[in-house]
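Numbered by our numbering, the letters in the sequence shown go through residues 11 to 391 in order.
Okay, structure first, notes after.
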Amino acid sequence: MARPLDGLRVIEFGTFVSAPYCGKLFAGYGAEVIKVEPPGGDIARAHGPFPGGEPNPEASALFLYLNTGKKSVVLDPRDPADRETLLDLAATADVFIDNYRPADLRALGLDYPTLAARNPRLVMISITPFGQTGPYADYRANNLIAFAMGGQMYITGTLEGGPLKNGGYQADYQGGLNGFSAGMLAVLAAERDGIGQHVDVSIQRCMAPILEASIPYYCYLGQWNGIRRGNHMASFIGIYPCADGHIGIHLMPRNWQPFLEVIGRPDLGEDPRFATQADRVQHNDELMAELYAWAATETKHDLYRRAGAGRAPIAFVHTMQDLLESPQLNARGFLQRIDHPVAGEAVYPGPPWWMGPGDWSAGRAPLLGEHTDEMLGRLPR
11 MARPLDGLRV
21 IEFGTFVSAP
31 YCGKLFAGYG
41 AEVIKVEPPG
51 GDIARAHGPF
61 PGGEPNPEAS
71 ALFLYLNTGK
81 KSVVLDPRDP
91 ADRETLLDLA
101 ATADVFIDNY
111 RPADLRALGL
121 DYPTLAARNP
131 RLVMISITPF
141 GQTGPYADYR
151 ANNLIAFAMG
161 GQMYITGTLE
171 GGPLKNGGYQ
181 ADYQGGLNGF
191 SAGMLAVLAA
201 ERDGIGQHVD
211 VSIQRCMAPI
221 LEASIPYYCY
231 LGQWNGIRRG
241 NHMASFIGIY
251 PCADGHIGIH
261 LMPRNWQPFL
271 EVIGRPDLGE
281 DPRFATQADR
291 VQHNDELMAE
301 LYAWAATETK
311 HDLYRRAGAG
321 RAPIAFVHTM
331 QDLLESPQLN
341 ARGFLQRIDH
351 PVAGEAVYPG
361 PPWWMGPGDW
371 SAGRAPLLGE
381 HTDEMLGRLP
391 R
């Protein structure tokens, strides 16, 4: 069955997370993605964990996940001959992805005007910390800086402990996800108009719009609309440790009675301290103490089943094992087993969207330079 992007050719000239994740999405949906790596390989190849704890550039968990279904070509763009080969590759492509500083691309002679002169239909997707223009355009940054300067850290954490970053490389993944989405719009426009364009993705700009209503509230009121509350917005909206993990509750007034029935505490419904949501706010610490004591006696899967039957808004925090065993994710084919000649077989998460049977196929990540001869041999002579 044909996949949505069959026939599209993508050059990925990027490293670590943001550009490779963008390229991974193109590859999974059917595009031929040619990953151009320097002689030492993408720096993600040195990033663990590794099977058995032994560093191996062909067995990095991060690299293997980010580069499923791609072809690896080794070129050194600082070498004039390799740079020319890379330009020849770009001339055959529909999309060119990068995540290097604008100044670095200009120095290499791989900026958009140069690529577009070779291939006017080319869509170039540049994913950088701050975008192609502005006073920060050529600043170096990382995932932590993106969280901080995109505003995400300001609304995350606790009042006492200060701002915290989110887990993982979520800012970089947002850059890759938005790069893919915006890049596909540009591909459609190129099909219509016969000319490509430069898609300028700023990770800072990706983070700022997902701060809920924080920026509009500040604009309207001249102050932020909340405080950092950590795991608890209130006693009735928060995360509680249970006997085998953590559970989360989010109680609106209409959920109060069903919740009390599920947890076996109808007596709390008769307590005047907790009669209304306003009362529960006024006696937040007392209610939180009751819920901490209750949650400590529960197991997460049993509670989740009872909550579903009783229509109480309770869920449990999924561990990685819970995700692997999720009946929902498994029923929808989200998790796939992929074998690799060096790293062996492992389970890989699928894409963020589901469009229908056969829309996505991961394939294994390439060995360093595995497809150099094949890809360069297909270039026009």
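Where is the CB? At the ideal position from N, CA and C, for every residue including glycine.
None of these values were measured; they are calculated from a predicted model.
Pairing Ile225 with Phe157, the inter-Cα distance amounts to about 15 Å.
Look at the beta carbons and you see the region 103-111 not touching the region 73-85: under three pairs across the two are nearer than 8 Å. The Cβ atoms of Ile135 and Gly204 do not sit closer than 7 Å to each other. A Cβ-Cβ contact shorter than 7 Å links Val272 with Ala322.
Between the alpha carbons of Leu261 and Gly161 lies a distance of about 27 Å. By DSSP's assignment, Asp210 forms a beta bridge with Ser136. Secondary structure at Ile324: strand, using DSSP grouped into helix, strand and coil. In the DSSP assignment, Ile205 falls outside any alpha helix (DSSP H) and carries neither an H nor an E. For Tyr358, the enclosing beta strand (DSSP E) starts and ends at 356-359. Between Val20 and Val133, the C-beta spacing is not below 7 Å. Straight-line spacing of the CA atoms in Pro376 and Met217 works out to 31 Å. Here Ile213 is buried, its C-beta having at least 16 other C-beta atoms within 10 Å.
Distance check between Ala113 and each of Leu85, Thr143, Val209, Thr286 places Thr143 closest, using alpha-carbon atoms only. Secondary structure remark: continuous beta strand (DSSP E) runs of at least 3 residues inside the region 94-177, in chain order: 105-108, 133-138. In the structure shown, Gly248 falls within a strand segment according to DSSP collapsed to helix, strand and coil. Burial check for Arg388: the Cβ neighbour count within 10 Å stays below 16, so the residue is exposed. A contact is defined here as three or more CB-CB pairs under 8 Å, and the region 229-244 meets this definition with respect to the region 160-178. In the three-state DSSP reduction, Gly232 falls in the coil class, being neither helix nor strand. Relative to Leu85, the option among Glu47, Leu339, Ala356, Gly58 whose CA is nearest is Glu47.
A distance of 7 Å or more separates the beta carbons of Ile257 and Lys175.
Distance from the CA of Leu154 to the CA of Glu300, rounded to the nearest whole angstrom, comes to 37 Å. Rounded to whole angstroms, the Cβ separation of Pro14 and Met365 is 7 Å, and the two are in contact under 8 Å. Measuring C-alpha to C-alpha distances from Val352 to each of Tyr39, Glu68, Ala37 identifies Glu68 as the nearest. If the five residues before and after Leu333 are omitted, its C-beta is found closer than 7 Å to the C-beta atoms of Leu339, all from its own chain and listed in chain order. In this structure, the CA atom of Asp148 is about 15 Å from the CA atom of Arg215.
Annotation for Ser371: Arg13, Gly38, Gly40, Gly79 place their beta carbon closer than 8 Å to its own, counting only its chain and skipping 5 residues before and after. Under a 10 Å Cβ-count criterion, Ile324 is classified as buried, with 16 or more other Cβ atoms of the shown protein chains found around its own Cβ.
Between the C-alpha atoms of Trp266 and Ala303 there is a straight-line separation of about 18 Å. Ser82 is bridged by DSSP to Lys45. Relative to Gly379, the option among Gln292, Ser82, Ile44, Pro337 whose CA is nearest is Ser82. Excluding residues up to 5 positions away in sequence, Ala244 lie with their Cβ nearer than 7 Å to the Cβ of Val291 in the same chain. Between Pro123 and Ile249, the alpha-carbon positions lie close to 51 Å from each other.
Between Leu72 and Ala54, the gap from beta carbon to beta carbon is short of 7 Å. Taking 8 Å as the upper bound for CB-CB distance, Val27 and Tyr179 are in contact here, some 5 Å apart.
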